[in-house]
Structure formats: structure tokens, C-alpha cells
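Accompanying notes for the structure given below.
2 protein chains.
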Amino acid sequence: MRENYREQLDDILADLVQMSQTVSSAVRSATTALLEADLQLAEVVISEDEALDAKQREVEGRAFSLLARQAPVAGELRTVVTTLRMVTELERMGDLAAHVAKIARLRYPEVAVPATLRSNFVRMGDVAEKMVVTAGQTLNDRNIQVAQELRTRDEEMDELRRTQFRVLLSEDWDDGVEAAVDVALLGRYYERIADHAASMGRRVIYVVTGQFPDEDFWPQP
Amino acid sequence: MRENYREQLDDILADLVQMSQTVSSAVRSATTALLEADLQLAEVVISEDEALDAKQREVEGRAFSLLARQAPVAGELRTVVTTLRMVTELERMGDLAAHVAKIARLRYPEVAVPATLRSNFVRMGDVAEKMVVTAGQTLNDRNIQVAQELRTRDEEMDELRRTQFRVLLSEDWDDGVEAAVDVALLGRYYERIADHAASMGRRVIYVVTGQFPDEDFWPQP
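Chains as they are written, first to last, in UniProt numbering: chain A, 1 to 221; chain B, 1 to 221.
The following block contains the structure:
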């Protein structure tokens with residue numbers, strides 16, 4: 001481990017960026033597993049989630065010992081405490097990707113998502129994945145200009161979910177109760193991944209500026 | 001504000017205990033609003049959630065400034081950092097109670113939960129509420145003996161949710177797609193409230209003992 005305090009903090013931030021890459025890849029694989037009924041890929045997502053949980057505990061331990069040994073002040077304290085929260089959010093996003101993969105596995109060899117909602121889920125998966133990527137980049141570059149992008153995508157996710165409900169609850173729905181239940185839960189999982197990514201973006205803004213973005217500009221989920 | 005460091009920390013912990021009482025009451029009211037199609041009560045739960053969000057920000061701010069001004073070490077550092085996480089979990093539990101109330105409001109004057117699952121939801125609401133109460137008491141008393149109780153109730157919640165799915169997906173289900181979607185999401189919300197309460201219990205154990213409970217004894221959700 002590096003001795004210098006600032007270097008240790010940079011290592012932790014780099015690990016968070018790397019975790020965000022793992023999560024975005026898990027979201028992409030989970031979506032593919034879901035839409036292609038790819039059992040093997042679903043199993044990969046589910047088992048790799050355990051590695052992410054282990055990584056969370058490891059990064060948490062290091063952030064905590066940094067806090068304990070170095071007693072950072074002001075901006076650096078803010079950063080260390082925020083890393084503790086981001087790592088929790090990344091771990092949750094990984095869990096949610098695994099939840100998607102578990103529904104894919106449960107319905108295999110069938111595809112859990114009915115044809116009428118396939119394009120909706122392609123888009124949901126894409127938006128969720130890109131939001132995780134953007135959140136990771138925002139953290140890596142400390143560039144808060146992309147916050148606006150996260151906000152826009154978050155709204156798109158909400159709109160995609162409203163569309164799902166319209167399709168689910170329309171009189172034309174003839175895919176039955178099981179598919180409806182799967183779709184409702186899957187939509188919730190993707191929405192929560194987006195919420196966590198947006199929340200990570202808010203936390204980066206907090207680290208960089210010392211303040212959370214204005215509630216009017218970007219209401220908390 | 002009190003000057004003494006230990007007193008300030010005690011004030012924060014007392015606020016968390018009080019927040020857990022607010023949340024358990026929100027869970028109880030949300031369940032009543034849901035099962036009785038009580039629109040007024042649903043509105044109360046939804047609007048009181050905003051007060052809880054404000055309380056979260058206030059307690060967070062105080063915990064953070066304690067960290068910044070006092071640079072606590074060892075056990076006290078662990079406690080302050082853990083309060084930051086508990087307050088986030090309490091806020092989330094409040095959100096989830098509000099989600100339940102929003103479904104009650106959406107279906108009013110109908111009852112969102114079909115008669116076949118009424119007793120299941122009575123029990124779910126009761127288990128979730130009691131878990132929040134127990135988590136708050138655990139924190140208040142620093143008594144980790146109740147951890148076993150949280151674990152047992154958490155398992156009961158999982159079993160209640162499995163029962164829901166069996167009912168939902170049986171051939172006898174004749175309450176339609178909309179009710180099925182509502183039940184699936186409501187079940188998820190209650191399950192997440194239970195997860196957060198269990199997680200709070202784990203955090204209290206961490207604060208008291210310095211270690212999280214054994215994964216084998218009580219696996220993380």
C-alpha cells in the first residue's frame with residue numbers, strides 16, 4: 001500500500017472508477033442474458049456479483065482506515081466519506097444487475113421479456129449501462145458538466161418505465177400474469193440502477209463543489 | 001447545540017432512534033392505507049416522507065461536522081461513520097413506505113391488494129413495522145441480542161414473499177394483471193424495508209462489537 005495520504009485516496013477513487021466499469025459491464029451482460037435467454041451469461045453476472053461484494057468490503061476497509069489514521073479535514077474528509085457511500089451504491093447496482101440475471105435464469109429457455117416490450121428493454125438496458133459509465137467518468141474526470149447528461153438520462157428512464165406500465169396495463173396485453181410480474185420487477189431494477197448512477201453523479205458534484213446540486217435543478221429520487 | 005463531543009454524538013443517535021419511530025409509524029400507516037383504501041392516510045404518509053428527507057439532511061450535516069471538527073478515533077469514528085449510513089437507510093425505508101402509500105392512492109377507492117392476499121400483506125406490514133421498531137431499539141439499547149430476532153423476521157419476510165409469488169403465478173389467480181403488478185411491486189417494497197432494517201441491525205452489531213456478524217450466521221441481503 002502507498003504511504004502518502006493523497007496517493008491512498010487516489011487509489012480508492014481509482015478502485016471506484018474500476019468498480020463502475022465492472023458494474024456497467026454487468027448491466028450490459030445482464031441485459032443480453034435477459035433478451036437472448038443466455039443462461040451461461042446470466043450465471044456469469046450472478047457469480048461475478050460476489051467478487052463485487054468482496055471488492056466493496058475491501059475498498060470500504062481502506063477508506064475507513066484512511067479516515068482513522070489520517071483524520072483528513074474539509075475537502076478531503078468530504079471525499080473520503082463520499083467514497084464510502086459511492087462504494088455502497090456500486091455494490092447495490094451490482095446486486096440489481098444480478099437480480100435481472102436471476103429472472104433471465106428463472107425463465108430460461110424462455111425469454112422473460114415479451115416481444116412487445118423488447119425494444120423498451122433494449123433501451124432501458126442501454127440507458128442504465130450508459131448512466132453507470134457516465135457516473136464513473138464523472139468521478140474519474142471530476143468533471144461535473146456531465147451531471148446534466150445524467151439528469152436527462154434519468155428522465156428518459158422514468159419515461160421508459162411509464163411506457164412499460166402503459167403496455168402492461170393496456171387491454172391488449174396478452175402475455176399473461178407471469179410476464180407482467182417479471183416486467184414490473186425488471187423495470188424496477190433498471191430504474192433503481194439509474195437512480196443509483198444519478199445519485200453517484202450528485203455525490204461527485206458534492207465532492208467537487210462542496211454542495212449537492214440544487215433540488216429544483218435535479219430532484220433527489 | 002451541546003458542546004461536548006460525546007453528548008453531540010448521543011444527540012445524533014437519539015435522532016436516529018426517533019427517525020426509526022417515525023419510519024415504523026409510516027410503515028404501519030402505509031399498510032393501513034393500503035388495506036383499507038384510506039386515501040387521507042396515504043396522503044399523510046406521502047407528505048410526511050418529505051419531513052423525513054429533511055431530517056436526514058439535518059442529521060447528516062451534524063454527523064459530518066462532528067467528523068470534521070473533532071476527528072474522532074477508533075470506536076467513536078466507527079459510530080459516527082455508521083450513523084451516516086443508518087440515516088441513509090432510514091430515509092430509504094421512509095421512501096419505500098411512501099411507495100406503498102402511492103399505490104394505495106393510485107387504486108383508491110379500490111383496494112390494491114386482492115382478498116386472497118390480504119392476510120399475507122397484513123403479516124408483511126406487521127413484520128416490516130416490527131423489524132424497524134427492533135432496529136431502533138437495538139440502536140437505542142446497544143443490545144445486540146435482538147439481532148437473532150431481526151434475522152428470524154427477515155426470513156419470515158422472504159417466506160411471505162415466496163407465498164405471494166406462488167399465489168400470483170398459480171392457475172387460480174383471477175385478479176388480473178394490474179393487481180398482479182401491484183402485488184409484485186408492493187412485495188418488493190416490503191422486502192426492501194425488511195432488508196434495510198436487518199442491515200441497520202448489522203450496523204449496530206458493528207458499532208458495538210467492531211465486527212459485522214458472521215456471514216454464515218446472517219448473510220447480507
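Heads up, the beta-carbon is just placed ideally off N, CA and C, and yes, glycines get one too.
Interface with chain A (9 Å Cβ-Cβ cutoff): residue 85 of chain B is included. Against chain A, a Cβ distance below 7 Å from residue 177 of chain B picks out 168, 169, 173, 177, 180.
When B/124, B/146, B/123 are compared, the shortest CA-CA separation from residue 134 of chain B is found for B/146.
Three or more Cβ pairs drawn from the segment 136-153 of chain A and the segment 186-204 of chain A lie within less than 8 Å of each other, which places the two stretches in contact. Taking a C-beta cut-off of 7 Å against chain A, the contacting residues of the segment 185-203 of chain B are 185, 188, listed in chain order. For the pair residue 149 of chain B and residue 127 of chain B, the CB atoms are not nearer than the 9 Å cut-off. One alpha carbon belongs to residue 25 of chain A, the other to residue 89 of chain A, and they sit about 16 Å apart. By alpha-carbon distance to residue 42 of chain A, the top candidate from A/50, A/29, A/54, A/52 is A/29. Counting the other CB atoms within 10 Å of its CB gives residue 187 of chain A a total of 16 or more, which places it among the buried residues. In summary, no residue of the segment 10-25 of chain B has a CB separated from any CB of chain A by less than 8 Å. Proximity of residue 77 of chain A to chain B, defined by a Cβ-Cβ separation below 9 Å, is satisfied. Within 10 angstroms of the beta-carbon of residue 106 of chain A lie fewer than 16 other beta-carbons, which makes it exposed. Between residue 97 of chain B and residue 45 of chain B a beta carbon distance of about 6 Å is seen, short of the 8 Å cut, so the two are scored as contacting. Its chain contains 37, 39 as the residues whose beta carbon lies nearer than 6 Å to that of residue 108 of chain A, once the 5 sequence neighbours on both sides are disregarded; these appear in chain order. The segment 159-170 of chain A makes no contact with the segment 54-73 of chain A; the number of CB pairs closer than 8 Å stays below 3.
Taking 9 Å as the threshold, the shortest C-beta distance from residue 64 of chain B to chain A falls below it. In the structure shown, residue 38 of chain B falls within a coil segment according to DSSP collapsed to helix, strand and coil. Around residue 154 of chain B, the same chain offers 194, 198 as residues with beta carbons nearer than 6 Å, after the five sequence neighbours per side are excluded. Going by DSSP, residue 83 of chain B is part of the alpha helix (DSSP H) stretching over 74-107. Residue environment for residue 209 of chain B: exposed (fewer than 16 other C-beta atoms within 10 angstroms of its C-beta).
Residue 180 of chain B and residue 80 of chain B have their alpha carbons spaced roughly 42 Å apart. Take residue 161 of chain B, set aside five residues on each side of it, and the residues of its chain with a beta-carbon closer than 7 Å to its own are 187, 191, in chain order.
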